[in-house]
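Be aware that the sequence shown starts at 17, since it is given in my numbering, and climbs by one per residue.
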Amino acid sequence: MDDERFDWQARGLCRGVEPEVFFPISEEDAWRAKEICAACNVRES
């Protein structure tokens, strides 16, 4: 079954990025994830 709800994942800039980037230990460590998400064209409005 092809679930269209997850089609965005193939186009996201986060594809292939280590998951740890999106689960930072501190707020200071969140900058990389924020930059990736801010530049991504599949963000929800």
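All residues carry an ideal CB built from backbone N, CA and C; glycine is no exception.
Between which two residues does the alpha helix (DSSP H) carrying ARG48 extend?
-> As a first step, residue 48 is located in the sequence shown; it is residue number 32 there, counting from the start. 47-55 is the span of the alpha helix (DSSP H), which, as asked, contains ARG48.
Going straight from the alpha carbon of PHE22 to that of CYS30, what length do you get?
-> Here residue 22 refers to the residue found at position 6 of the sequence shown. Here residue 30 refers to the residue found at position 14 of the sequence shown. Each residue's Cα considered, the two are about 13 Å apart.
Tell me which same chain residues have a C-beta within less than 6 Å of the C-beta of ILE52, skipping the five on either side of it?
-> What you label residue 52 is simply residue 36 of the sequence shown in a count that begins at 1. So the list reads LEU29 and CYS30, once near-sequence residues are dropped.
Would DSSP call ARG21 helix, strand or coil?
-> Counting from one through the sequence shown, the residue named residue 21 turns up at place 5. The answer is helix: DSSP assigns ARG21 an H, G or I state.
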